[in-house]
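Only one structure is covered here, and it is reproduced in the block below.
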Amino acid sequence: MDGIHDLGGQPGYNALGYRRDEPVFKDRWEATVFTLVRASAQAGAYTNIDQFRHAVERIDPKAYLEHGYYGRWLGAVETLFVEAGILTTAEITERATQMGADPNDLIAARPNQTKTQTTGIPAKRNPIDQAPWFQVGDPVQTAQTSPLGHTRLPGYARDKRGLITACQGLWPYPDLRAHGHGEPSQYLYTVTFNSLDLGFSEAFELNLDLFEPYLNAIETIQ
Amino acid sequence: MSDQPSPQSLRTEAIETLLIEKKLLTSTAVDTVLTTFSEQVGPMNGAKLVARAWIDEGFKARLLEDATTIIAEYGFEGGQVDKLIVKACAESVHHVVVCTLCSCYPWAVLGLPPRWYKDPGYRSRIVREPRKVLTEMGLTLPETTDIKVWDSSAEIRYMVLPLRPEGTEGLDETALAELITRDAMIGVAAIKTPS
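Protein sequences, first through last, are from chains A and B. Going by our numbering, the first residue of the first sequence is number 238, and it counts up by one from there. Going by our numbering, the first residue of the second sequence is number -8, and it counts up by one from there.
In structure tokens, the structure reads:
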């Protein structure tokens, strides 16, 4: 899905906030959120990492930017617990309010928000027992698309030309497994782009690991 | 600074207590996480690989060929690594790692990612203007050095094998490992010659 999470190449976020030394967890609640995410997996609230990533992508975009990494995880894990029927938003809010929270606080979680019976980029074929479609050295053009569901094709690399530089074998396909369609596999390739072909002005090489359904064959790369 | 707990802190505690009541979480689980990620899983693991690669060409070749098998041999755990690829810097090539879509990071060798790695500035800019970003972070590369950026968009994780600095010829593997920083293994810093 298109959204605030798809940050690659986006303008406006100038500050790097770089610090050489910082604690692994700034506050104890961050370690608690980390633990809650592990507990949610053990409780079956999600079964693969793409379901978790999609829950992060669906949180409130203001919270995404303001609440930091573990704030995003908090929103995602609440979404997953609520969607799994293990907790309700109301009981969490009631408990937090008893602990001193303001009931008007921004809640990052958005259960069911944009969680449609959809997919990311549809698969073109079932590649099991078939050879990879592309070979190292093949020029490819990435899909021009804005799927409603989860995908791992970043916005900045859509409708762009690159070269296959490695075939990484079969991997579970995020665009389907994020939406509960089992764990179907697709071929994964490392695709190498010239930054100028991505529309950036600084010259460098950019590498992405992209699934076969994201890629179209082209004759040559200009 | 207010002493009031943040809204995120309170909501986290609310979920935590509800889960403990439902017996889906134990009250000691958080302490276990804190211990694991401060003492067992961290950049000291990646540093061992780099130090060994600096002194052992055969090991370096294996590391660049199949790092996944090597981290299994070392027994590094911590999740988040189904496949690890190590990219070696050279005089003419510099590698740097990012995850623009979320914050994928090779936990087993580097531990949990630093805050800046997960924040919008680094994630948006390192794939657009890496030379400028690295300069702002204190790493000025020669114009003749090519930059290769690795955006971790699938389950493969990337780690950078930094250049061994001059003046370290007499150091053993343990002393070398102490020089190696997390940031150099992400690709945003160089290893400095010890003073």
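Backbone N, C-alpha and C fix where the C-beta goes; we use that ideal spot for every residue, glycine too. As the structure is a computational prediction, the values presented were derived from the model and not from experiment.
### Query
Exposed or buried, residue 34(B), counting other C-beta atoms within 10 Å across all chains shown (16 or more means buried)?
buried
- Task: Please list the partners that residue 329(A) has in chain B, where partner means a Cβ-to-Cβ separation under 9 Å.
- Result: 2, 5, 6, 9
So, does the CB of residue 246(B) fall closer than 7 Å to a CB anywhere in chain A? No information on residue 246(B) is available, as it lies outside the stretch -8 to 186 that chain B covers here.
> Any idea what DSSP makes of residue 453(A), helix, strand or coil?
Replying inline: strand
Checklist entry - If we count the other Cβ atoms within 10 Å of its Cβ and call it buried at 16 or more, is residue 446(A) buried or exposed? => result buried
Which residues in chain A have a C-beta closer than 8 Å to the C-beta of residue 141(B)? List them in chain order.
444
>> Which residues in chain A have a C-beta closer than 8 Å to the C-beta of residue 128(B)? List them in chain order.
In response: 253, 255
Exercise. Under 7 Å between C-beta atoms, does residue 391(A) make it to chain B?
Worked result: yes
Straight-line CA distance for residue 29(B) to residue 19(B)?
16 Å
Item checked: residue 167(B) - containing alpha helix (DSSP H), residue span -> 164 to 170
Per-residue DSSP class, three states only, for residue 46(B): helix
Touch check for the stretch 53 to 65 of chain B and the stretch 166 to 182 of chain B: three-plus C-beta pairs under 8 Å?
no
Specify the secondary structure class of residue 175(B) as computed by DSSP and reduced to three states. helix
- Message: Counting C-beta neighbours from all protein chains within 10 Å, is the total for residue 260(A) 16 or more, i.e. buried, or is it exposed?
- Response: exposed
At a Cβ threshold of 7 Å, is residue 63(B) touching chain A? no
* **Of the listed residues 361(A), 399(A), 300(A), nearest to residue 423(A) (C-alpha basis)** => 361(A)
Query raised in the report: Taking the Cβ atom as the reference point for each residue, do residue 357(A) and residue 110(B) lie within a distance shorter than 7 Å?
Result: no
Chain B contact for residue 290(A) (CB, 7 Å cutoff) | yes
Quiz item: Would you say residue 452(A) faces chain B, with C-beta separation under 7 Å as the test?
Solution: no
**Item:** Proximity test, Cβ basis, 7 Å: residue -8(B) and chain A
**Value:** Note that residue -8(B) scores 43 on pLDDT, short of 50, meaning its location in the model is unreliable and no value can be drawn from it.
request  = Give me the Cα-Cα distance between residue 182(B) and residue 275(A), rounded to the nearest whole angstrom.
outcome  = 35 Å
- So, are the CB atoms of residue 243(A) and residue 415(A) less than 7 Å apart? no
| said: For a contact defined as C-beta to C-beta under 8 Å, what are the partners of residue 20(B) on chain A? | reply: 272, 275, 276
Under 7 Å, do residue 52(B) and residue 75(B) count as touching if we go by C-beta distance?
no
Exercise for the section: Quick one: using the 10 Å Cβ neighbour count with 16 as the cut-off for buried, is residue -8(B) buried or exposed? Expected result: Unreliable placement is indicated for residue -8(B), whose pLDDT of 43 sits below 50; the coordinate value is still reported in the next sentence. It counts as exposed.
- [ ] Could you confirm whether any beta carbon from chain B is found closer than 7 Å to the beta carbon of residue 269(A)?
- [x] yes
Bounding residues of the alpha helix (DSSP H) (the contiguous stretch that carries residue 293(A))
286 to 294
Notebook entry, point to check: Using 7 Å as the limit for Cβ to Cβ distance, is residue 121(B) near chain A?
Noted result: yes
Closer than 9 Å, Cβ to Cβ, to anything on chain E: give me those residues from the stretch 330 to 345 of chain A, in chain order. Here chain E cannot be found, since the structure's protein chains are A and B.
Along chain B, in chain order, which residues have C-beta atoms closer than 8 Å to that of residue 449(A)? Ordered by position in chain B, no residue passes the 8 Å Cβ test against residue 449(A), which lies about 12 Å from the chain.
*Just to confirm, are residue 336(A) and residue 4(B) a CB contact at a threshold of 7 Å?*
yes
So, at 8 Å on beta carbons, what are the nonlocal neighbours of residue 184(B) in its own chain, with the 5 sequence-adjacent residues on each side left out?
156, 157, 158, 159
- Output yes if chain B places a C-beta closer than 7 Å to the C-beta of residue 224(A); else output no. Nothing can be reported for residue 224(A): it is not among the residues displayed for chain A, which extend from 238 to 459.
| request: Evaluate contact between the stretch 326 to 346 of chain A and the stretch 374 to 394 of chain A, counting only Cβ atoms and requiring at least three cross-stretch pairs below 8 Å. | output: no
* Asked: Does the count of Cβ pairs from the stretch 300 to 311 of chain A and the stretch 437 to 456 of chain A closer than 8 Å reach three?
  -> no
- Hey, quick one: how far does the alpha helix (DSSP H) through residue 14(B) stretch, first residue to last? Counting along the chain, residue 14(B) falls outside any alpha helix (DSSP H), and DSSP gives it neither H nor E.
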